[in-house]
Each structure stands twice: as C-alpha cells, then as structure tokens.
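Student: With my numbering, letter number 214 in the sequence shown gets 214, and the count goes up by one each step, no holes. Where a beta carbon is used, it is the ideal one built from N, C-alpha and C, also for glycine. As the structure is a prediction and not an experimental result, all values here were calculated from the model. One structure follows; several queries about it will come next.
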Amino acid sequence: MTENMSIAKKRDSILERMHAAAKRAGRNDVPNLIAVSKVQPDERIKEMLVAGQRIFGENRVQEAQTRWGETFATQRGDIDLHLIGPLQTNKAEDAVRLFDVIETVDREKLAKALLKAADKVGRMPEVLIQVNTGEEVQKSGVLPQDLDVFLARLKSEYDLTPKGLMCIPPQGEAASAHFWFLKNMADKHGFETISMGMSEDFETAIELGATHVRVGSALFGARNYA
Ligand SMILES: *Cc1c(COP(=O)(O)O)cnc(C)c1O
Numbered sequence: 001m002t003e004n005m006s007i008a009k010k011r012d013s014i015l016e017r018m019h020a021a022a023k024r025a026g027r028n029d030v031p032n033l034i035a036v037s038k039v040q041p042d043e044r045i046k047e048m049l050v051a052g053q054r055i056f057g058e059n060r061v062q063e064a065q066t067r068w069g070e071t072f073a074t075q076r077g078d079i080d081l082h083l084i085g086p087l088q089t090n091k092a093e094d095a096v097r098l099f100d101v102i103e104t105v106d107r108e109k110l111a112k113a114l115l116k117a118a119d120k121v122g123r124m125p126e127v128l129i130q131v132n133t134g135e136e137v138q139k140s141g142v143l144p145q146d147l148d149v150f151l152a153r154l155k156s157e158y159d160l161t162p163k164g165l166m167c168i169p170p171q172g173e174a175a176s177a178h179f180w181f182l183k184n185m186a187d188k189h190g191f192e193t194i195s196m197g198m199s200e201d202f203e204t205a206i207e208l209g210a211t212h213v214r215v216g217s218a219l220f221g222a223r224n225y226a
C-alpha cells in the first residue's frame, strides 16, 4: 500500500481485499467498512466522501463533534457515524445526539446515562458491547466471563438489547484467537453485528466472522499526531 496512492484507490483496494476475504470464508454477505477518520486532515476526509464512503468511525466525542457537526455538517445526514472509543458518562448526551452507533458500551452506569440522554434528546443510537477479550487492565470493555450477566441486566433493568459486540485485541498478540472468541460469544447470544479488525488484520477478522471492520491508516494514510 503506497502512501501516494489516491484515497479512492486505497478504498477500492481495501474493499476488494474485504470481498476476497469474505469469499474465502464462504460468506455471501458483504462486510461493512468503517473508515476511522480520527486525527485525519479534512482534505483526506473530503476525498473519502467523494470516493463514496458513508460509514465513519471516531474515537473521541469532541473531535467528532467538530468534524461531523461543523466541518462536514452538510454531509452528516448521509453518514452512518460510529463511536469506537471509550465514553465518559458526562459525554453521554453529546454522544447520543451525534452518533448512530455507540460501539463501546461496557458498564451499567453508561447504559443508564445513554438511555436517560436518549429520553431527553428523542433518539437512541444502536449499541454494541465492547468485550475486553484480552482481559487487559488498562483497556475498557466487559470481561468475557461477565458478559452473560451484563447482557441479562441490560435487558431486565433497562430493557436494552444491544445489536452486537466489538473488541480490540491486545497489541502484539495474534488477533485471530480474539476474533474467534468474540464471534463465538456473538453467536451464543444471537448477535448479528460483530465489529472487529483494523488495518493490520481486517482480512483475518472477516474470515472469522466480522460484519464491520474499522480501518484507519490503511485507508487514509498514517495518522499524524504532531
Ligand atoms: C484507531 C482505531 C482503529 C483504526 O486503526 P488502524 O490501525 O489505523 O486501522 C480501529 N478501531 C479503534 C477502536 C481505533 O481506536
């Protein structure tokens, strides 16, 4: 993947690889590409929109508000916007106003705050549960062994039924075991949406059942945090 390839070409190439991976796995469905636009310059995002991309992922509420509520506000209506980063309860209302899908619900307090905000705002985003498949202390997500109880409580206490699961495997570990694990948990609960796989491993994720892959740098080029 060369840096000087156009955004549209990079996107075509990623979509092609996604299709090939789905085909290898004998899948008839087409996995969804979430373009992770965090930190990327407006020019690249504009190119991505022109290329036809309509699903975007952001990991910070405030950054997403500036980008999709201001800079690209006129295009916002066509966009399916996913929150893929950790969410504080004090940002719940902003998140409910802005996002179509919140992929990182991992505790009751947050679910409660989202529902309260949804009541006020009059819209409720779809919810995915983040699972901390690697059981990393510094990472958000429900521990795998707590998932059944957490889901049962969301249902009984809040009448909340998530659409699916997401995970971020530990760095430096083979992601495939985590993808396999998440897919099994999703199947057990009858979830259709499985968000897993990033630039380095989205093909493996698709082969193991991802319905949504979250790709940033392989689509837009490297993020410049300077
Ligand atoms: C940044 C990010 C991605 C995209 O990462 P790349 O390696 O650039 O594809 C995917 N998922 C989450 C949760 C992220 O924070």
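#1: Comparing C-alpha positions only, which one of 37, 126, 92 sits nearest to residue 66?
#2: Using only the heavy atoms of ligand 1, determine whether one of them is closer than 7 Å to the beta carbon of residue 140.
#3: Name, in chain order, the residues that DSSP records as bridge partners for residue 165.
#4: Touch check for the stretch 171 to 183 and the stretch 3 to 21: three-plus C-beta pairs under 8 Å?
#5: Check whether the stretch 183 to 192 touches the stretch 152 to 160, taking contact to mean three or more Cβ pairs, one atom from each stretch, closer than 8 Å.
#6: For residue 8, which three-state DSSP category applies?
#7: Can you give me the Cβ contacts of residue 128 inside the same chain, cut-off strictly under 8 Å, excluding the 5 residues immediately before and after it?
#8: Closest by CA to residue 108, which one among 125, 77, 142?
#9: Since residue 55 sits in a beta bridge, which residues does DSSP pair it with?
#10: Pick helix, strand or coil for residue 32, following the three-state DSSP scheme.
#11: Any chance you could list the residues with Cβ under 7 Å from a heavy atom of ligand 1, keeping chain order?
#12: Could you give the DSSP three-state label for residue 211: helix, strand or coil?
#13: May I have the straight-line CA-CA distance separating residue 124 from residue 97, to the nearest angstrom?
#14: Specify, as a first and last residue, the run of the beta strand (DSSP E) that residue 104 falls within.
#15: Using a Cβ-Cβ cutoff of less than 8 Å, which residues in the same chain neighbour residue 121 once the five nearest sequence positions on both sides are dropped?
#16: If I measure Cβ to Cβ from residue 68 and keep anything under 7 Å in the same chain, skipping five residues before and after, which residues do I get?
#17: In angstroms with no decimal places, state the Cα-to-Cα distance between residue 223 and residue 44.
#18: Between the alpha carbons of residue 35 and residue 218, how many angstroms are there, rounded?
#19: Mapping DSSP to helix, strand and coil, what is residue 142?
#20: Among 11, 205, 86, whose alpha-carbon lies nearest the alpha-carbon of residue 49?
#21: Compare the Cα-Cα distances from residue 89 to each of 159, 134, 117 and report the closest residue.
Tutor: On the basis of the supplied data:
#1: 37
#2: no
#3: 129, 194
#4: no
#5: no
#6: helix
#7: 101, 102, 103, 104, 105, 162, 163, 164, 165, 166, 193, 195
#8: 142
#9: 80
#10: strand
#11: 36, 38, 57, 59, 84, 85, 168, 198, 199, 200, 214, 215, 216, 217, 218, 223
#12: coil
#13: 8 Å
#14: 101 to 105
#15: 93, 96, 97
#16: 76, 79, 81, 98
#17: 11 Å
#18: 10 Å
#19: strand
#20: 11
#21: 117
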